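Residue numbers (my numbering), protein chains in the order written: chain A, 1 to 205; chain B, 206 to 377.
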């Protein structure tokens with residue numbers, strides 16, 4: 001593994017690219033995230049699926065040619081379900097996820113500072129509870145990936161996933177073009193569109 | 206797709222985010238993730254007040270001075286810088302609280318929003334640490350790696366998110 005200095009430097013650069021993409025796509029906006037969870041805005045799912053498909057493609061290549069090892073997390077059924085449900089409830093109430101909270105702070109959303117502080121308290125509370133939770137709920141599990149279950153190489157499954165996602169995204173885009181989900185201003189607030197004249201429907205460029 | 210645009214397509218942004226897996230795997234030998242960094246920073250701060258916290262293996266593992274821990278802290282810090290830079294380059298202007306919250310919470314009170322945000326942040330990280338990952342670690346990285354556990358976690362995340370946004374928040 002690299003040195004701490006290399007880690008911090010590369011992390012900062014990668015984070016800047018990440019934050020730039022989050023702001024440009026508006027996926028970090030509370031209006032976009034709550035809108036997705038209320039099933040009336042589809043930008044979050046589109047960014048998410050495009051990133052998953054791209055990640056699957058690059059890992060099919062990097063892993064298929066033996067350049068990198070996969071780093072899947074252990075499959076922990078109870079923890080994945082219970083933790084996922086709590087995390088999802090938090091995402092809707094925050095209008096953010098742990099990463100996009102920082103993008104919200106970057107653009108000056110004041111409530112995101114409270115999300116961040118709450119998140120730090122949550123992480124510390126979990127650390128105190130971890131010795132007990134790991135015994136009672138989390139446990140241990142195998143690092144299962146779907147292609148191992150059907151005995152095919154990872155890269156084949158990854159390419160199939162990427163292809164399936166491309167088909168889904170094409171259909172989603174036909175059903176609802178992404179520009180319709182941007183809202184009338186930069187904050188991803190769709191509701192204004194209803195009361196405004198059609199000329200304002202064109203998203204700001 | 207210029208850095209001065211106010212909006213990029215979700216596909217362009219998603220592809221750029223997905224490509225970040227390349228340096229993550231090659232340089233740090235890990236996948237993109239965000240929620241562990243809250244343990245690193247939170248436990249480092251809380252450890253100043255209560256040093257016994259750092260005797261818990263889980264906390265000690267996350268504050269250890271290795272590339273992976275501090276890479277992720279730098280990554281989430283960089284996210285704030287990148288979002289700020291993007292906003293300044295496009296000239297976008299935002300209110301200090303998103304206008305959707307007055308509708309979603311049924312009240313324009315900033316203090317109510319701050320309280321909800323604090324609780325939300327707590328739930329997010331407590332849940333993410335139980336599941337061992339968040340939207341990035343389980344979502345982007347776990348699904349791309351075809352992880353069974355991550356797929357279950359993402360399904361639960363959306364189920365919890367949709368139920369909460371439908372039952373506890375008003376339509377925005």
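C-beta: ideal position from N, C-alpha, C; glycine also. This one's a predicted model, so the numbers in the text were calculated from it and none came from an experiment.
Look at the stretch 70 to 82 of chain A: the residues with a C-beta under 8 Å from a C-beta of chain B are 70, 71, 72, 73, 74, 75, 76, 77, 79, 80, 81, 82.
The beta-carbon of residue 177 of chain A is placed no less than 7 Å from the nearest beta-carbon of chain B. In the three-state reduction of the DSSP assignment, residue 145 of chain A falls in the strand class, which pools E and B. Taking every protein chain shown into account, the CB of residue 272 of chain B has 16 or more other CB atoms within 10 angstroms, so this residue is buried.
A straight-line Cα-Cα distance of about 45 Å links residue 155 of chain A and residue 319 of chain B. Shown in chain order are the members of the stretch 212 to 234 of chain B whose Cβ falls below 9 Å from a Cβ of chain A: 212, 213, 214, 215, 216, 217, 218, 219, 220, 221, 222, 223, 224, 225, 226, 227, 228, 229, 230, 231, 232, 233, 234. Listed by position along chain B, the residues whose Cβ is nearer than 8 Å to that of residue 170 of chain A form an empty set, because the closest Cβ is around 10 Å away. Contacts between residue 344 of chain B and chain A, judged by CB atoms closer than 7 Å, involve 48 in chain order. Burial is judged here by how many other beta carbons sit within 10 angstroms of a residue's own beta carbon; residue 77 of chain A has fewer than 16 and is exposed. Taking each of B/315, B/241, B/301 in turn and checking the Cα distance to residue 120 of chain A, the smallest one comes out for B/241. Under DSSP, residue 352 of chain B takes part in a beta bridge, and its partners are A/145. The C-alpha of residue 226 of chain B is placed about 10 Å away from the C-alpha of residue 234 of chain B. A Cβ-Cβ contact shorter than 7 Å links residue 330 of chain B with residue 123 of chain A.
Residue 217 of chain B has its alpha-carbon roughly 29 Å from the corresponding atom of residue 309 of chain B.
Taking a beta-carbon distance threshold of 7 Å, residue 165 of chain A does not count as an interface residue toward chain B. Here DSSP, grouped into helix, strand and coil, assigns residue 262 of chain B to helix. Among the residues facing chain A, residue 209 of chain B is not included, as its CB has no counterpart in that chain under 7 Å away. DSSP places residue 313 of chain B outside any alpha helix (DSSP H), giving it a letter other than H or E. Unbroken beta strand (DSSP E) runs of no fewer than 3 residues, entirely contained in the stretch 7 to 36 of chain A, are not found.
Here the C-alpha atom of residue 50 of chain A lies approximately 6 Å from the C-alpha atom of residue 220 of chain B. In terms of Cβ geometry, residue 81 of chain A and residue 361 of chain B form a close pair [threshold 7 Å].
Against chain A, the CB of residue 257 of chain B has no partner CB under 7 Å away; the residue lies outside that interface. Judged by DSSP secondary structure, residue 63 of chain A falls within the alpha helix (DSSP H) whose first and last residues are 43 to 64. The beta-carbon of residue 140 of chain A is placed no less than 7 Å from the nearest beta-carbon of chain B. For a Cβ distance threshold of 9 Å, nothing in chain B lies close to residue 136 of chain A: the least Cβ distance comes to about 11 Å.
DSSP assignment within the stretch 220 to 265 of chain B yields the following whole alpha helix (DSSP H) runs of 4 residues or more, N-terminal first: 241 to 254. For residue 161 of chain A, the neighbours in chain B by C-beta distance under 9 Å run, in chain order, 348, 349, 351. Scanning the stretch 116 to 190 of chain A from its first residue to its last, the whole alpha helix (DSSP H) runs of 4-plus residues come out as 146 to 149, 154 to 175.
If you look at residue 289 of chain B, you'll find it in the alpha helix (DSSP H) that goes 272 to 295. With contacts defined as CB atoms closer than 7 Å, residue 8 of chain A and residue 275 of chain B qualify as a contacting pair.
Within the stretch 97 to 119 of chain A, those residues whose Cβ lies closer than 9 Å to any Cβ of chain B are, in chain order, 97, 98, 99, 100, 101, 102, 103, 104, 105, 106, 107, 108, 109, 110, 111, 112, 113, 114, 115, 116, 117, 118, 119. At a cut-off of 7 Å between beta-carbon atoms, residue 38 of chain A makes contact with chain B. Within the stretch 301 to 312 of chain B, the residues whose Cβ lies closer than 7 Å to any Cβ of chain A are, in chain order, 301, 302, 303, 304, 305, 306, 308, 309.
Residue 279 of chain B is a Cβ neighbour of residue 12 of chain A, given a cutoff of 7 Å. In the displayed model, residue 306 of chain B falls within a helix according to three-state DSSP. Less than 7 Å separates the beta-carbon of residue 343 of chain B from that of residue 358 of chain B.
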